Every structure is written in structure tokens, then in C-alpha cells.
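Chains as they are written, first to last, in numbering that gives the first Met the number 0: chain A, 0 to 264; chain B, 0 to 273.
Worksheet for the structure shown next.
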Amino acid sequence: MSPATPFVELDAVGVRFGEYSALEDTTLSINPGQFVSIVGPTGCGKSSLLNMVGGLLMPTSGAVRVDGQTVRGVNPHAAYMFPHDALFPWRRVIDNVAFGPQVRGLSAAAARADALKWLDRVGLHGLENRYPHQLSGGQRKRAAMAQVLVNDRPLLLMDEPFGELDAQTRALMENELLDLWSETGATVLFVTHDLGEAIALADRVVLIGSGPRARVIADHRVDLPRPRDIFEARSMPGFTELYDSIWSRLKGEVLTAYERSRSGA
Amino acid sequence: MSAVVQERSRALVRAIQLGILALVIGGWEVGARTGVLDTFFFSQPSAFLGRVWEWLVSGENTMLGGRTIYQHIAVTLEEMIAAFVIGVVFGVSSGFALGRSRFWSRVFNPYIQVLNALPRLVLAPIFVLLLGIGEASKIALGVSLVFFIAFFNAYQGVRDVDPRLVDNARMLGATDRQLTRYVLLPSAMTWIFSSLHTSVGFALVGAVVGEYMAAARGLGWVISQAQGNFDSAGVFAGMTILCMIVIVVEIGVSRLERRLLAWKPSRSGELLAA
């Protein structure tokens, strides 16, 4: 099943914030084109893990390698979709999406053409001249998705990208993400605390234990057929079994994290 | 429905505003004519508004030192604009530079605090000694006022840039220079624009106060001349013209601001919305 060279490798990675050790001895390797969901209780270091792969955070120990090279500084292979709204409020939607091509050195016209193409793809046709505050929450997410995908990076990092949306909009966005992903063949690391979402989207679900000193405690393959529809995935044979088996493990970690945060408070 | 209500309440607000103005001016005039208010100190509206009319319309240059009122207005506006532009350029660039460097902002911090705490108007005599009674000393006074407003806003603007936007820009491939140009600068600009009203106002204060202290022309000079001749009508007429200029400048700044900050969620700026 696994080709010889993984695209993303975490090699005994640890990260500390002062005295607090968030992640410890975390090892993970991800094949090119794989869609991997990362789940875990609040505060387990999921976002830190993503930040390290993106190069925004340096690991305290161990190494992160992408495409065989150790990540030092911002990772040029990666596109990153943040949990919050990170659109530039002073730029129109089209100029937000054109930002990546623009800083890459494309001419203004070419950058805007690229941006228009992606705005079309994410269903924002006709809204290109709006400012972000003039969009709905769902439209802003679409714009953010276009802004990130326009760069055509082989690695896509997503940190609870749809967390702020209502359930229906979220499912629609997830379906669109799967469509877009199937066209690009990018490797995806998708952080979420919603186990159903994690399974429905991914080829593989990685479970991280509760912090401090969190590490990978389970790694499940998801063998549901593709192309997948989020609305149907949950009723596919095998989904419930997989959900229950991961949840039985996750539940314990969530409770531990909860107890710790209570005793710590 | 609500638009109609809003329209009606707007008309009402306007009517009451005009009513208050009429009441004050009318009361003033009546008070002056009946001898309740001493016209030596308080003049009377018919007298100073008549003077304004003479200056602006009939072209009689009473107490204007041989110039027209428009020449005086032009001098004051010139000083205001020069002070504003120079103050903003220097203030923004140094605020931006210090905002980016924690080290240098620590070095300069005490000096900036002291200079800012100093009431800048006391510098006016020094500027006159240094630069003479021409326009340069007024511009310098205006610059000393505008500089700090622009400086602090630019400094704060760079400091307060949303780190999430910085991360996003870096992940999208921006180099350090592009980060400065496309993220830090626009982010700081919002602070600078939001202080536009204050800095334009201070530029005008610098010009008028400077002229008032020592000058040969300008609106401040007109007012100080009238005062020196116990001509209270001239003082109030000068103040009236100054008010008219302030209103026009305010409207211009509001227009400019609305264009520059078009991307911002609309605020209900009821107090100044003209």
C-alpha cells in the first residue's frame, strides 16, 4: 500500500512552550496525496503540529520533513487554511485571492485572472468586488478557500477550517473541499475535533492523546469508497463501526483532558 | 417604513438644530440692542455678520491690512496644508520605523514621552525666533502638533497588526518586504486615517495660533489685529470665517475618509455626519 517515500514526516517531534510540554516524541509519516484527519481533545497540540508542518513554529526537538527536506521557516510546499477568518479586510475579495499569485511575482492581470477562475470554482462568481465584511460567514470561508488553493501547493494544511459555520453550510463546504481536492491530488492534513467530519473526509484518521506530553495514540485507515458524499458517508457500511472504535479511545482522552483542565483551574 | 421614520427624524433633527442657532443669534442680537450684553465686548451679530458680508461679498477690506480676506484665508490654508503634509510624512515614517523595531522603540521611548507631554504651543516663540514671522514658523508649529498624532497612530498601527493576517500572508508566500507593503502598511493606514480629523484640526490650530502670536497676514493675524484695536466685531467676524473654513475642511476630510476606508464595516458616525 505505502510507496517508498512519505511526503510529510514527523520524526520524534516535541514542542515545549516554556515549562509546558505540548507534544512529545510524535512520529508520523504521510504519503503523497493522502487526506489525513487529525483529531484529539482540546489543547492536545493539534494546531501546534500543523504550525510545525507549515513552518510557523519550530519544533523543540526532532524534525519535520516535507518532500525529504527539513522544514526551516515558512514551508513553501504548504498552503494553510486557518480556523479563523484571515482574509485581508482592506482588500476586495478578488484582490484577497490574487494575493498569493501577486507576491509570487505574477503580473496584476494574470493574478486577477487566476483569482477569478478560483472564485468561480468556489461559487463566488459575481462577488469579486465585495469587501470581506460584505460577505456571509460561508462566503468568507469560500473566499479563504480560494485564497489558499489558488497557490496550487502540494500540501494543504487545514485547522478546523469550517468550525465557525452552521452544520448544513459546513457539510456543503466539506463536499466542495473533497471535489476540489480530488482535482488537485494534494496531500491534506485536516485538524478537527469533530470525529464524524474527520472520518467522512479522510483516508486516515490520526488520534492524538490529551496534553501535556501528547503523542499519537491511534492511527486508523478509512476504507470508505471515493468519490464520497459527506451526506451519505455517515450511512455507509463501516462508518459506524469505525466511529465507535475511534470514539471509545477518544472519549477517554477527552475526559482526561477535561479532568486536567478542571484540576488545573 | 423605517426609512421613512429615519427621514422624518432627520428632518426634525435639522429643524431643531436650525432653531437653536436662530435662538442663540437672535437672543444675542436682542441682548445687544437692549443693552443686556455690552457690545464693546460681545459685539452683536448684525455687526460682525455684516463685517463678514463686507469681507466676503462686497469686497470692502475693513481692518484687513490692505489685503482681501481671500488672501488671508489662502495664507492660513497654505500653512495648514504644509504643516499637515510634513507632519504626517515624518510622523508616519518614524512611527512605522519604530513600530517595527522593539529595540529602537525602547531607546527612543523616554524622549518621545517627554516631547509629547510638552505643550507644543510654548514652542511658538522659539519658532518665531528661529524662522521669523513668515509662514515657516507657523508651519513648524503645526508640524510639531501633527507629527505626534501621526507618529503614535502609525506606531500603534504597526504594533496592532493582526498576527493571524501576518501568518496568512507569510504562508501565501509574502517576503518580508511584501509583508510590510501589503499587510503592515495598510493595517497601519487604518489607524492613520482614523486620526485624519484630529491631525487636520491640529494643523489649523498651529497655523492660526502662530499667526495670532506674530505674523503679518493670515486669519490669526486678522483676529489679533481686531483685538488690538478693540474691534470686537472684527474678532467675531474672523472667528466666523474660521468656523466656516473648519466646516468645509471637515466635510472634505469626511469625504476622503469615506473613500479611503470604504472597506470598513459602516459605522454610525451620527455626530459628524453632515
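We put the CB at the ideal spot given by N, CA and C, even for glycine.
Owing to the predicted nature of the structure, the values given are computational and were not obtained by experimental measurement.
Tell me where the beta strand (DSSP E) around I216(A) begins and ends.
Counting along the chain, the beta strand (DSSP E) containing I216(A) begins and ends at V215 to R220.
So if DSSP puts F34(A) in a beta bridge, which residue, or which two residues, is it bridged to?
Looking at the DSSP output, F34(A) sits in a beta bridge with V187(A).
Please give me, in chain order, every unbroken run of the beta strand (DSSP E) with length at least 3 that falls completely inside the region 143-174 of chain B.
None, since the region 143-174 of chain B contains no complete beta strand (DSSP E) of that length.
Along chain A, in chain order, which residues have C-beta atoms closer than 8 Å to that of Q177(B)?
V102
Proximity test, Cβ basis, 8 Å: L134(A) and chain B:
By this cut-off, L134(A) is not an interface position.
If G99(A) sits next to L171(B), beta carbons under 8 Å apart, how far is it from one beta carbon to the other, in whole angstroms?
4 Å
Quick one, which residues of the region 83-110 of chain A are near chain B if we go by CB-CB under 7 Å, in chain order?
H83, A85, F87, P88, W89, F98, G99, V102 and R103
Under a CB-based cut-off of 8 Å, is R101(B) close to chain A?
no
Cβ neighbour criterion (16 or more within 10 Å) applied to C43(A):
When all chains shown are included, C43(A) counts as buried.
Closest Cα partner of T25(A) within the set P211(A), R139(A), G122(A) and S181(A)
When the alpha-carbon of T25(A) is set against those of P211(A), R139(A), G122(A) and S181(A), the nearest one is in P211(A).
What residue ranges within the region 226-265 of chain B form continuous alpha helix (DSSP H) runs of no fewer than 4 residues, ordered along the chain?
231-259
Roughly how many angstroms separate the alpha carbons of R71(A) and I85(B), rounded to a whole number?
43 Å
How would you write the range of the alpha helix (DSSP H) that E301(B) sits in, first residue to last?
Look at the range of chain B in this structure, 0 to 273, and you will see that residue 301(B) is not part of it.
Under 8 Å, with one C-beta from each stretch per pair, do the region 67-83 of chain A and the region 149-163 of chain A reach the 3-pair mark?
yes
When Cβ atoms are compared, which residues of the region 37-57 of chain A fall closer than 9 Å to chain D?
Among the protein chains in the structure shown, which are A and B, there is no chain D.
Where the beta strand (DSSP E) through E8(A) begins and ends:
DSSP places E8(A) in the uninterrupted beta strand (DSSP E) bounded by V7 to F16.
When the cut-off is 8 Å and only beta carbons count, does A185(A) lie next to chain B?
no
Sort L183(B), N152(B) and G141(B) by Cα distance to A202(B) and report the nearest one.
G141(B)
Looking at C-alpha atoms only, which residue of A166(A), L164(A) and A112(A) is the closest neighbour of N150(A)?
A112(A)
Using a threshold of 7 Å, is the CB atom of L27(A) nearer than that to any non-hydrogen atom of the ligand COA?
Inclusion of the ligand COA in the displayed structure is not the case, the ligand content being empty and no account of it being possible.
Quick one: which chain B residues come within Cβ less than 9 Å of A78(A)?
In chain order: M170 and L171.
I want to see whether chain A comes within less than 8 Å of P44(B), judged by CB atoms only; does it?
no
Where does S262(A) fall in DSSP's three states?
helix
Give me the DSSP bridge partner(s) of I29(A).
V7(A)
Keeping to the same chain, check which residues put their C-beta closer than 6 Å to that of G205(B); ignore five residues upstream and five downstream.
Once the five neighbours on either side are set aside, the close Cβ partners of G205(B) are A82, L140, G141 and L144.
Using C-beta distances below 8 Å, list every residue in its chain close to S104(B), excluding the 5 sequence neighbours before and after it, in chain order.
L97, G98 and Y154
Cutting at 6 Å between CB atoms, please list the residues of its own chain near S209(A), excluding the five before and the five after it.
P40, C43, E252, T255 and A256
Between the region 135-151 of chain A and chain B, which residues of the former have a C-beta closer than 8 Å to a C-beta of the latter?
Q146, V147 and N150
Per DSSP, cross-strand counterpart(s) of Q269(A)
Look at the range of chain A in this structure, 0 to 264, and you will see that residue 269(A) is not part of it.
Using beta-carbon positions only, say whether V73(A) and L48(A) come within less than 8 Å of one another.
no
In whole angstroms, what is the alpha-carbon distance linking P88(A) and W262(B)?
7 Å
Using a Cβ-Cβ cut-off of 7 Å (strictly less than) and excluding sequence neighbours within five positions of E53(B), which residues of its own chain qualify?
E59 and T61
Under 8 Å, do L177(A) and L249(A) count as touching if we go by C-beta distance?
No, the Cβ-Cβ distance between L177(A) and L249(A) is not below 8 Å.
At the 8 Å Cβ level, is V73(A) part of the contact set with chain B, yes or no?
yes
Taking Cβ-Cβ distances shorter than 7 Å, what residues in chain A pair up with P162(B)?
Within 7 Å Cβ-Cβ: nothing; P162(B) doesn't reach chain A, min ~10 Å.
7 Å CB neighbourhood of Q138(A) in its chain, flanking five on each side removed:
L123 and L126
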